[in-house]
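In the working numbering, the protein residues as written are 35 to 401.
One structure below.
Take a look at the structure:
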């Protein structure tokens, strides 16, 4: 090649100093990140300002997951559409709750009146409680309680704020129940539509895999909800039978309260047992002690048998993992956190195991 035709190669561009890397960032990516941050901040603010709404929505989602198999069964048996099946199930649920209220409320009102008449005798029995009766007597607790009960009507007549707060709490509870029922009904009606809308956001090549993972998570959560409801029903039945045998006043309400609180993992049973024990003490010191023994025995049965066999098997989690997940959920989100933490961890574990098995299957056996 001639000397005039030779071309001197251009010197390569000097690399940036150190380990600096240049990234060509599209402005649309910046806008997406900013929009995501703004949306996250708005969501956190909404959750912080509307805790009752979030609580109602989470409970409604749990109810919808529990009732969905029943709705599907009604669809198959009655040969009706989704809307008709939801209407039948909701109407049956409302009628069942109304009938339960008609059976429970009148006796509860009568027993409440009888309990009011027995309060002086109950206060006198405080000093006879085993172990703690004598210290309470020395501290003049029965006398102080008796004085407080005698002065309570005068205090309420002078200050109606406690009654007003109680009325507001009852009204708020009734409104929350109605809102939760509406949320659950909406999720039952539009759940499949929401799933289809979310499915369209997934790339076509990944939809089959996404369907498998979503179905896996749904089964885990569904088994957990079914197991929790079964354990809760057993808890309420045990308290109801024990209360009827011991003639504890207001026992139907106490049993329902205990069953509802028992849905909260780990600590729910102990918290829900407080009214049952107090009502047992109102019937007598010995009855109160027996109520405590019944609760302790049930909690041992629950933690040693029911939770590992039913709940742990449903979510495929060991008892220590279940307990840690529940406690972290309660610490982070209260009752709602406790309700969703265990099934969430179980669903995440199931999805992880599925993805890991796929990855292992994709690796050649010789590699």
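Virtual Cβ for every residue (Gly too), placed ideally from N, Cα, C.
Just so we're clear, the structure is a prediction, and the values are computed from it rather than from any experiment.
- Residue state for residue 296 is assigned as coil, using DSSP reduced to three classes.
- Around the beta carbon of residue 181, fewer than 16 other beta carbons lie within 10 angstroms, which makes this residue exposed.
- Looking only at 200, 323, 91, the smallest Cα-Cα distance to residue 216 is reached by 91.
- In this structure, the CA atom of residue 234 is about 39 Å from the CA atom of residue 131.
- Residue 311: member of the alpha helix (DSSP H) spanning 308-317, first to last residue.
- Between residue 120 and residue 223, the beta carbon gap of about 6 Å places them in contact (Cβ cut-off 8 Å).
- Residues 123 of the same chain have their beta carbon placed closer than 7 Å to that of residue 104, with the five preceding and five following residues left out of the count.
- A distance below 8 Å between beta-carbons, with the five flanking residues on each side excluded, links residue 210 to the following residues of its chain, in chain order: 86, 89, 90.
- In the three-state DSSP reduction, residue 192 falls in the helix class (H, G or I).
- In the assembly as shown, residue 338 is an exposed residue. Its beta-carbon has fewer than 16 other beta-carbons within 10 Å.
- Contact annotation: residue 99 and residue 255 have beta-carbon atoms nearer than 7 Å.
- With contacts defined as CB atoms closer than 7 Å, residue 293 and residue 266 qualify as a contacting pair.
- Residue 384 sits buried, since 16 or more C-beta atoms from the chains shown fall within 10 Å of its C-beta.
- By the Cβ neighbour-count rule, residue 347 is exposed, with fewer than 16 other Cβ atoms within 10 Å of its own.
- Closest in alpha carbon position to residue 316, among 252, 236, 305, 147, is 147.
- Between residue 311 and residue 329 a beta carbon distance of about 7 Å is seen, short of the 8 Å cut, so the two are scored as contacting.
- Of the candidates 350, 252, 282, 246, the residue whose Cα lies closest to the Cα of residue 142 is 282.
- Per DSSP, the continuous alpha helix (DSSP H) segment holding residue 277 begins and ends at 241-280.
- Per the coordinates, the alpha-carbon of residue 251 lies some 42 Å from the alpha-carbon of residue 314.
- Within a 10 Å sphere around the beta-carbon of residue 377 sit 16 or more other beta-carbons, which makes this residue buried.
- By alpha-carbon distance to residue 391, the top candidate from 102, 247, 219 is 247.
- Its chain contains no residue whose beta carbon lies nearer than 6 Å to that of residue 206 once the 5 sequence neighbours on both sides are disregarded.
- Around the CB of residue 197, fewer than 16 other CB atoms lie within 10 Å, so the residue is classed as exposed.
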